[in-house]
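Numbering of the sequence shown is given in the working numbering, commencing with residue 101 and proceeding in unit increments. Cβ atoms here follow ideal geometry from the backbone N, Cα and C, with glycine treated the same way.
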Amino acid sequence: MRFRLLGAVAVDGVDGELPLGPEKRRSLLALLLLRRNRAVPVAQLTEALWVAEPPANARTVVQSHVSRLRALFAEQGADRCGVQLATAGDAYTLHLPEGVLDVEQFDRLVAAARAAERSAEVADALERALALWRGPALTGTVSSVPLEAWRQTLEENRLAAVEMLAEHRSRLGEPARAAELLRAETVAHPLRESLVSALMLALFRAGRQSEALDWYHRTRESLADRLGVDPGRALNAAYERILRGESTPTPPPEPLPAPVPAPVPAAAPEEVPDAAPAAAPATSAERPSAERPSAERPSAERQPAVSPSAPPVVDLLPRAPRGFYGRAAELAALGDALRPGPDGAIALVTGPAGVGKTALALDWAHRHAARWPDGVLFADLGGFSDRPDREVGDVLGEFLSALGVDRDELPATVPARSALYRRVTTGRRLLVLIDNARESEQVRPLLPAGAEAAALVTSRSRMLGLVAAELARPVALSVLDPGQSTALLARVLGPARVAAEPDAARELAELCDGLPLALRIAAAKAAADPARGLAATAERLRHEQRRLAYLAAEEISVASALRISREQLPPVAARLFTALGQHPGPLLDGYAAAALADLELPDAAEALEHLAATHLLTGTDAEHYGMHDLVWLYARRLAAENDRATRRAARDRLADQYLYAGLAATRSAEPGSRPCCEPPPGSHPPRAVPEFDTVEQALEWLSAHRETLAEVILTATPERAWRLVLTQWPLILRRVRDGWVPQLQLALDATLESGEQDGESQVRALLGWVLVSNRRLPEALACLGPAAELAARAGNQVGRAIALINLAAVQSELGDHPAAGAGLAQALEIASAAGHPHTVGLALYHLARHHLDTGRPRQAVDHALHGLELSTAEAPNARRVLLHTACGEALSALERHGEARDRLGAALAEAEQVGHDEATAEVLRALARAEDAAGRSAEAAAHRRRAEELEGR
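The structure is reproduced here in structure tokens:
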């Protein structure tokens, strides 16, 4: 499969371009592709799919489009190609292998061009990159704010490549080709001065001076008329060069900027100075004098312990970090947090171990040290390290000495030193950088006094006390995305090394999980052995069991950084962290945590908060948490140290937690239905199970936990595995073409292994129905054949009836209507004898549909009305919608058009109450057919349009 965004959004399958459907589905796919291999929350997808306010059922629309895409991918064997559309909590992730997306190919070719040394190689790479474009990016998608931002980003990358290609064509002695390339782009972007200036120079070098000057004057007038501005520096420089007759190409251009990996909102005007790096950090001697009017300076009488000379300019700041890269948004956030205020300013940089908090703080402090003319204080408190924490009194003594207090006159106690420190810092323009703090109480005595000073604190802890009491403004630091990770590798190893092995570099970035510490260690290993290449380093990291051991360099390692974080946890949180090493999926909640660690739910919730506060977990929403890959590997290492019986017991408790929760969700999703199974003997009832008040809540839970549940099933005992699969049946029936076959086949194997005939019958019935819906009819027939007999042997008469109904559906599809009719009649008899009205209604619907298919609409009406009479006391549901629809279609076939319209109207009303767009669209299409039969073509067309609108949401 190949995915294309550089032009119309498209997917190429084995037989050509796939039918993606309406605009919103293309838009959803586009956003998932642009954020490939990353979870995209439903809220972001909703924002991208609607220009105005999204409708109340936006979540259902998103789920419907995801389901259609999954079905489309499954038909193309996407799993075999490494393409998977996964659910992770309240988000979706489109997993893609390398090289199947044209945006990725474009970025790789541009990177190769940047690394090339000869103009011919540059031009060749850029021409291949630009050949991937088939028109404006993201054609056929919604004009929403997020997608428009992506369009602009991709277009900016393309134009930058065009400009560089034109420059190198001129260097190769082909200015006419360069001018031809630039002209079309300049017409499309007439106010882009870099394009116009490049076109002017190309025309001049091709001997077309008057045409080049004409472009200058034309653009100058356009800028004045449309924007009210004069030409910029680049345009004027090109004009002057032409007037001077300088026809030789300019010196080599700056390297083409890397394609922007994600749209970032432009900084507000007042933020620009803070975001711009200084040319070099000012030394103590170079910084502005601390002279101020005497009224502003603390007097010597008020500070008897301070030298009476002018207060010294202090500089305790360590050197700037080497190879620091990126983090523009976080640097800007620090600038905003440390703007002067009436109470001073405190910024708190938080994040997991190894994410680069200290490097960020030091880089920002060096960039902006000149803003504090009285100097910068620095202390590493060692809160998360192997050495003991620094004593606050010692740090205060160091600060006071740097600020001019004689060491012999330092107070003996911490409160006295703190009071003197506040007095000395009052009115002074200082920056105090407090690194590696563990708790708020360590930090408070070190905060400077006065509105002119600022403090910058780093910690693995969220320090909510500092935020609440001292108004510290948090700046969260997370792992780098794949593009930033690759760029950091290039920063350490050099761009040529990364450009030579782009695939290996991307894999390295992925295996290091975007953690800067891990990336730097991996780069150091690769730099130490250049002959082996980046692919060899990636190969070593690929083995999960050895990855953490390899990510160590002398005293620096990822495992030791994580060990220190864990050692600082309270006992219950530390116990839970180890237990989480056995959690198999990306989504974790308090119930699963309680089961794994054998805790009460409140204790588990408190422990989860401790883990999140130290960034060993990441909160994904109010109830769920995620764990970065390297942290999970470390937790798995700890869990593996437990004995086998302990590990097995934890896995069984987790499986039972999901089993009991799934049964509760099934009861709420299908009220009144017969339980699909009972928990197996020896199972452990959980201490707490989530409660579901509505059908929607139950279905949302099943959907959110689908991926995690699939992983739990793989390690569950056979007796638990098939039951866990069956608890998802309400979701399976609603998303029947959503790739369920492999999991159901696994469940079938589990029933055969455990020898449970009732379980085998139910799994065969459900799997057979899924196979029918996916048009795999011969497989469905083979699967369903033994199901009814197995249910009879197990004494499950309702299961036997359902198996016969599903078998009849296959027989009807294969044209064996006599067998289908006989099976449905038998199923109706069995369900009636069992006294199960739900199954009776299902049998009556299928009999009505059978009679419609065989040209007997009168009997179809009788069966459908009988089914509706049995369900008059029920709330609107999918089964009643089906019965109303079958009855209406049969009445239409009998030319009782008014009655047909009324019956289909009732079906439509109930479908809308159920809130199922697909069912509503099916009813609307049936209404359209009925209106056509009645000769009401206008009404029929209106129904079809509405059905198409629903499908296009």
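Practice task
Return the chain-ordered list of same chain residues with a C-beta closer than 6 Å to the C-beta of Gly859, the five sequence neighbours on each side being excluded.
Solution key: For this step, residue 859 is matched to residue 759 along the sequence shown. Hits under 6 Å: Trp822, Thr851.
Exercise for the section: Measure the Cβ-Cβ separation of Leu651 and Ala622 and say whether it is below 8 Å. Expected result: Counting from one through the sequence shown, the residue named residue 651 turns up at place 551. Counting from one through the sequence shown, the residue named residue 622 turns up at place 522. Ala622 sits close to Leu651, with the two beta carbons spaced by under 8 Å.
Practice task
Measure the alpha-carbon distance for Arg138 versus Leu580 and round it to whole angstroms.
Solution key: Residue numbering aside, residue 138 sits at position 38 when the sequence shown is read from its first letter. Residue numbering aside, residue 580 sits at position 480 when the sequence shown is read from its first letter. Cα-Cα distance, rounded: 12 Å.
Handout entry: Bridge partners - Ser585, DSSP secondary structure assignment
Key = Against the sequence shown, residue 585 aligns to sequence position 485. Beta-bridge partners of Ser585 (DSSP): none assigned.
Practice task
Identify the continuous alpha helix (DSSP H) that holds Phe677 and give its terminal residues.
Solution key: Here residue 677 refers to the residue found at position 577 when the sequence shown is read from its first residue. Here the alpha helix (DSSP H) through Phe677 covers 671-679.
Practice task
Keeping to the same chain, check which residues put their C-beta closer than 8 Å to that of Asp703; ignore five residues upstream and five downstream.
Solution key: Here residue 703 refers to the residue found at position 603 when the sequence shown is read from its first residue. Apart from the 5 residues on each side of it in sequence, Asp703 sits with its Cβ closer than 8 Å to the Cβ of Val672, Ala694 in its chain, given in chain order.
Exercise for the section: State the Cα-Cα distance for the pair Ala1047 and Thr794, rounded to the nearest angstrom. Expected result: As a working note, residue 1047 is residue 947 in the sequence shown. As a working note, residue 794 is residue 694 in the sequence shown. Across the structure, Ala1047 and Thr794 are spaced so that their CA atoms are roughly 27 Å apart.
Exercise for the section: Taking the CB atoms as reference points, tell me whether Leu335 and Val296 lie closer together than 8 Å. Expected result: Position 235 of the sequence shown, counted from the first residue, corresponds to residue 335. Position 196 of the sequence shown, counted from the first residue, corresponds to residue 296. Going by C-beta atoms, Leu335 is nearer than 8 Å to Val296.
Exercise for the section: Could you please give the first and the last residue of the uninterrupted beta strand (DSSP E) stretch that includes Tyr725? Expected result: Position 625 of the sequence shown holds residue 725. Where Tyr725 is concerned, the enclosing beta strand (DSSP E) stretches over 724-726.
Exercise for the section: Go ahead and label Leu802 buried or exposed: buried means 16 or more other beta carbons lie within 10 angstroms of its beta carbon, across all protein chains shown. Expected result: Here the question's residue 802 lines up with position 702 in the sequence shown. Leu802 counts as buried, since at least 16 other C-beta atoms from the protein chains shown sit within 10 angstroms of its C-beta.
Practice task
Tell me, please, whether the region 781-791 touches the region 724-731 by the rule of three or more beta-carbon pairs shorter than 8 Å.
Solution key: Proximity of the region 781-791 to the region 724-731 falls short of the contact definition, fewer than three beta-carbon pairs being nearer than 8 Å.
Practice task
Work out the CA separation of Leu619 and Ala465 for me, nearest whole Å.
Solution key: Here residue 465 refers to the residue found at position 365 of the sequence shown. Here residue 619 refers to the residue found at position 519 of the sequence shown. Spanning the two alpha carbons is a distance of roughly 23 Å.
Handout entry: Simplified DSSP assignment, three categories, for Ser540
Key = One-based indexing of the sequence shown puts residue 540 at position 440. Helix at Ser540.
Handout entry: Endpoints, the alpha helix (DSSP H) within which Asp179 is located
Key = Position 79 of the sequence shown, counted from the first residue, corresponds to residue 179. Residues 178-181.
Exercise for the section: Only counting runs of 3 or more residues, tell me where the beta strand (DSSP E) segments fall wholly within the region 615-644, in order along the chain. Expected result: Listed in chain order, nothing qualifies, since the region 615-644 has no complete beta strand (DSSP E) run of 3 or more residues.
Handout entry: Where Thr286 falls: helix, strand or coil (DSSP)
Key = Stepping through the sequence shown from its first residue, residue 286 is reached at position 186. In the three-state DSSP reduction, Thr286 falls in the helix class (H, G or I).
Practice task
Could you spell out the range, first to last residue, of the alpha helix (DSSP H) harbouring Gly1005?
Solution key: Counting from 1 along the sequence shown, the entry for residue 1005 is found at position 905. Residues 997-1014.
Problem - Sub-8 Å separation of Ala1007 and Val1023 beta-carbons - result: Here residue 1007 is taken as the residue at index 907 of the sequence shown, counted from 1. Here residue 1023 is taken as the residue at index 923 of the sequence shown, counted from 1. Yes; because the gap between Cβ atoms is below 8 Å, this pair is in contact.
Practice task
Under the assumption that Thr817 contacts Cys776 (Cβ atoms under 8 Å), give the Cβ distance between them as a whole number of angstroms.
Solution key: Against the sequence shown, residue 817 aligns to sequence position 717. Against the sequence shown, residue 776 aligns to sequence position 676. Going by Cβ atoms, the distance from Thr817 to Cys776 rounds to 18 Å, so no, they are not a contact pair.
Handout entry: Contact the region 672-683 vs the region 630-650: 3+ CB pairs below 8 Å
Key = In this structure the region 672-683 does not lie against the region 630-650, because fewer than three pairs of beta carbons, one per stretch, are closer than 8 Å.
Exercise for the section: Name the residue from Ile534, Val1014, Arg1045 whose alpha carbon lies nearest to the alpha carbon of Arg1029. Expected result: If you number the sequence shown from 1, residue 1029 lands on position 929. Looking only at Ile534, Val1014, Arg1045, the smallest Cα-Cα distance to Arg1029 is reached by Arg1045.
Problem - Closest by C-alpha distance to Leu716, when choosing among Ala1021, Asp698, Thr678, Asp743 - result: As a first step, residue 716 must be located in the sequence shown, where it is residue number 616. Put simply, of Ala1021, Asp698, Thr678, Asp743 the residue whose alpha carbon is nearest the alpha carbon of Leu716 is Thr678.
Problem - Contacts around Ala713, its chain only, beta-carbon distance under 8 Å, and the 5 residues preceding and following it disregarded - result: Here residue 713 refers to the residue found at position 613 when the sequence shown is read from its first residue. Only Ser561, Arg562, Leu564 meet the Cβ criterion.
Problem - Identity of the residue in Gly493, Leu417, Arg422, Ala519 nearest Ala469 by Cα - result: Position 369 of the sequence shown, counting from 1, holds the residue named residue 469. In this structure, Leu417 is the residue among Gly493, Leu417, Arg422, Ala519 with its C-alpha nearest to the C-alpha of Ala469.
Exercise for the section: Starting from Leu194, follow its DSSP beta bridges and name the residues at the other end. Expected result: Position 94 of the sequence shown, counting from 1, holds the residue named residue 194. The beta-bridge partner set that DSSP reports for Leu194 consists of Leu185.
Practice task
Specify whether the region 479-489 and the region 510-521 touch according to this definition: at least 3 beta carbon pairs, one from each stretch, less than 8 Å apart.
Solution key: No contact exists between the region 479-489 and the region 510-521.
Handout entry: Assigned secondary structure, Val795 (DSSP; H/G/I helix, E/B strand, else coil)
Key = Against the sequence shown, residue 795 aligns to sequence position 695. Looking at Val795 - three-state DSSP - the assignment turns out to be helix.
Exercise for the section: To the nearest angstrom, report how far apart Glu1049 and Pro886 are at their CA atoms. Expected result: Reading the sequence shown from its first residue, position 949 is the one you call residue 1049. Reading the sequence shown from its first residue, position 786 is the one you call residue 886. If you draw a straight line from the Cα of Glu1049 to the Cα of Pro886, it is about 42 Å long.
Practice task
Using the DSSP secondary-structure output, state which residues sit across from Thr718 in a beta bridge.
Solution key: Taking the first residue of the sequence shown as 1, we reach residue 718 at position 618. Thr718 is bridged to Gly726.
Problem - Distance between beta carbons of Leu588 and Val455, contact taken as under 8 Å - result: The residue you call residue 455 lines up with position 355 of the sequence shown. The residue you call residue 588 lines up with position 488 of the sequence shown. Your pair Val455 and Leu588 does not check out as a contact, with CB atoms roughly 12 Å apart and the cut at 8 Å.
Exercise for the section: Just confirm the distance between the C-beta atoms of Leu132 and Val109, as a whole number of angstroms; I'd bet it's less than 8 Å. Expected result: As a first step, residue 132 must be located in the sequence shown, where it is residue number 32. As a first step, residue 109 must be located in the sequence shown, where it is residue number 9. Distance from Leu132 to Val109 at the Cβ level is roughly 11 Å; contact not present, criterion being Cβ atoms closer than 8 Å.
Problem - Stretch pair the region 423-442 + the region 596-610: three plus CB contacts closer than 8 Å - result: Counting Cβ pairs under 8 Å, fewer than three are found: no touch.
Exercise for the section: Could you tell me whether the Cβ atoms of Leu1004 and Leu1027 are closer together than 8 Å? Expected result: Residue 1004 sits at position 904 when you count from the first residue of the sequence shown. Residue 1027 sits at position 927 when you count from the first residue of the sequence shown. Their beta carbons are under 8 Å apart, which means Leu1004 touches Leu1027 by this criterion.
Exercise for the section: Rounded to whole angstroms, what's the CA-CA distance from Thr526 to Leu496? Just pull it up for me. Expected result: Start at 1 with the first residue of the sequence shown, and residue 526 comes out as number 426. Start at 1 with the first residue of the sequence shown, and residue 496 comes out as number 396. For Thr526 and Leu496, the distance between alpha carbons rounds to 15 Å.
Practice task
Please work out which residues of its chain come closer than 8 Å, Cβ to Cβ, to Leu904, disregarding the five sequence neighbours upstream and downstream, and give them in chain order.
Solution key: Walking along the sequence shown from the start, residue 904 turns up at place 804. Contacts found: Ala888, Gly923, Leu924, Gln926, Ala927, Ile930.
Exercise for the section: Take Leu53 and list the residues in its own chain whose beta-carbon comes closer than 6 Å to its own, dropping the five residues that flank it on each side. Expected result: The requested residue 53 is not part of the displayed model; the chain covers only 101 to 1053.
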